[in-house]
Structure formats: structure tokens, C-alpha cells
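Residue 837 in the numbering used here sits at position 71 of the sequence shown; the count goes up by one each step and never skips. Using N, Cα and C, we set each Cβ at its ideal position, and we do this for glycine too. Bear in mind the structure is a predicted one, so any value in this text is a computation, not a measurement.
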Amino acid sequence: MLDIRPNCEHCNKALPNTSTEAMICSFECTYCKHCALVVFENVCPSCSGNFVQRPIRPSKMIEKYPASSKQVFKPKDLEKTKLNSNAFKNILPEKR
Ligand SMILES: [Zn+2]
Ligand SMILES: [Zn+2]
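Okay, structure coming up:
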């Protein structure tokens, strides 16, 4: 089951369970669409994998299966992420 983390790890934008802007990598590093696709160019700064849109957890399920309330906010060093993105962005995720 996904954590459904509450915010973007880089810019701290709120990403509630109903957000259509939440993007995750396979480890569930969680970013807003702008950070994932524009700032990091679809290369996760931690694992170099790609991002996909996080599915909505329907609000009627939230009481039984709550979204995480644990904020993960670790802004990245953009010089380092740029190097990482440049190294991987032109390689298909399945070949990284
Ligand atoms: Zn963001
Ligand atoms: Zn990752």
C-alpha cells in the first residue's frame, strides 16, 4: 500500500490524497509535477528512476486507509540533481 505522502519533498507543496499533481518513483519519493518533470526532468534525484503520477486514494477510503501525515521535506542541491538528470534523462527508464 502506498504511503500517500502529504507534500513535495523538494518544494513542500501540499499533495493531499486527491491531488492530481503528485508524482512518485518506485520508492515513493514524492514530488509535485513541476519538480518531477521540469526541475528533475523525470529522473529521481535519489534513485535515478522515473516518475509516474500517483493515483488518487479515494476520499471514502481515507478513514480506513489513512494517507501518511509524515512530512518528508529535503530540498535537493540543484547542481547535483542537474548532473544526475543530465546523465540519465536521455536513457529510457527501463534501461537505466
Ligand atoms: Zn515540488
Ligand atoms: Zn526515487
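Between SER814 and PHE793, the C-beta gap is not smaller than 8 Å, which leaves the two residues out of contact. The DSSP-derived three-state label of ASN773 is strand. Excluding five sequence positions before and after PRO772, the CB atoms of its chain that fall closer than 8 Å to its own CB belong to ALA780, LEU781, PRO782, ALA833, SER834, SER835, LYS836 and GLN837, given in chain order.
Taking every protein chain shown into account, the CB of ASN816 has 16 or more other CB atoms within 10 angstroms, so this residue is buried. Ranked by Cα distance from GLN819, the first of TYR831, MET789 and CYS795 is MET789.
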